[in-house]
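Structure first, then comments.
Residue numbers (this note's numbering): 1240 to 1491.
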């Protein structure tokens, strides 16, 4: 097991992808030093550790940085292989699990983020409908799930992929009275959500609601400011109109 001197995690309190890595480390029983990062004023350590995307999370193991939560979780699962595996043993099942996790990141994350960024109630309702459509294919998978996607009582790779985003779905409910997962529309998924949030890993990393609401407010403010800036540039920048010049053959 790595000690805190060997392993550092650069993360953000409200970052769902940081929460994913923290829960994975907890499930694997790995100790580490956590270094909270200011997501609005990025540290030199973060910029040096992830010069490509300049984002959290970054896991630094023996001085070597590993970036992106998907890569980090797989790295943790492979390096600390003696602990319960996060991925199934069967190659096909592993591939399916990775596909499902990628679906969550590629489809669900931008879908609910669009709810947060919606400027009007009408737009928010449209984004909610789109998010529910993304969730629909996942209902069948969870209907056959007695506990967790690992098939046992321990959370696995796909559970982490989806579970790290549940806290923000709860924040959407708090902010806009929007229910993405509920007993009426998504009963199997709602039952899994309740089980997941009761795990020690989820309870350990759950961000304070006040911190999520504060960060969400800054996100929305920055988006509105950026939109306003774009609009001001459009109306303030003089438009140059190029007229067609006469050809040399028609010149006097």
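Glycine included, each C-beta is placed from N, C-alpha and C at the ideal position.
For a quick check, are the C-beta atoms of residue i and residue j less than 8 Å apart?
{"i": "residue 1398", "j": "residue 1381", "result": "no"}
{"i": "residue 1321", "j": "residue 1260", "result": "no"}
{"i": "residue 1496", "j": "residue 1348", "result": "As shown, the chain starts at 1240 and ends at 1491. That puts residue 1496 outside it, with no answer to give."}
{"i": "residue 1428", "j": "residue 1378", "result": "yes"}
{"i": "residue 1455", "j": "residue 1367", "result": "no"}
{"i": "residue 1410", "j": "residue 1451", "result": "yes"}
{"i": "residue 1311", "j": "residue 1298", "result": "yes"}
Would you decide whether residue i is buried or exposed? Buried here means 16 or more other CB atoms lie within 10 Å of its CB.
{"i": "residue 1258", "result": "buried"}
{"i": "residue 1303", "result": "exposed"}
{"i": "residue 1286", "result": "exposed"}
{"i": "residue 1370", "result": "buried"}
{"i": "residue 1423", "result": "exposed"}
So what's residue i in DSSP terms, helix, strand or just coil?
{"i": "residue 1311", "result": "helix"}
{"i": "residue 1326", "result": "coil"}
{"i": "residue 1297", "result": "strand"}
{"i": "residue 1354", "result": "helix"}
{"i": "residue 1402", "result": "helix"}
{"i": "residue 1349", "result": "helix"}
{"i": "residue 1446", "result": "coil"}
{"i": "residue 1456", "result": "helix"}
{"i": "residue 1253", "result": "coil"}
{"i": "residue 1284", "result": "helix"}
{"i": "residue 1433", "result": "helix"}
{"i": "residue 1276", "result": "coil"}
{"i": "residue 1485", "result": "Caution is warranted here: a pLDDT of 47 is assigned to residue 1485, below 50, making its placement in the model unreliable, and no coordinate value can be reported."}
I think residue i touches residue j, with their Cβ atoms under 8 Å apart; what is that distance to the nearest whole Å?
{"i": "residue 1425", "j": "residue 1374", "result": "6 Å"}
Specify whether the stretch 1282-1299 and the stretch 1430-1449 touch according to this definition: at least 3 beta carbon pairs, one from each stretch, less than 8 Å apart. The stretch 1282-1299 is not in contact with the stretch 1430-1449.
Taking one C-beta from the stretch 1267-1281 and one from the stretch 1440-1451 each time, how about it: are there three or more such pairs within less than 8 Å? no
Using 8 Å as the Cβ pair cut-off and three pairs as the minimum, do the stretch 1311-1321 and the stretch 1411-1419 touch? no
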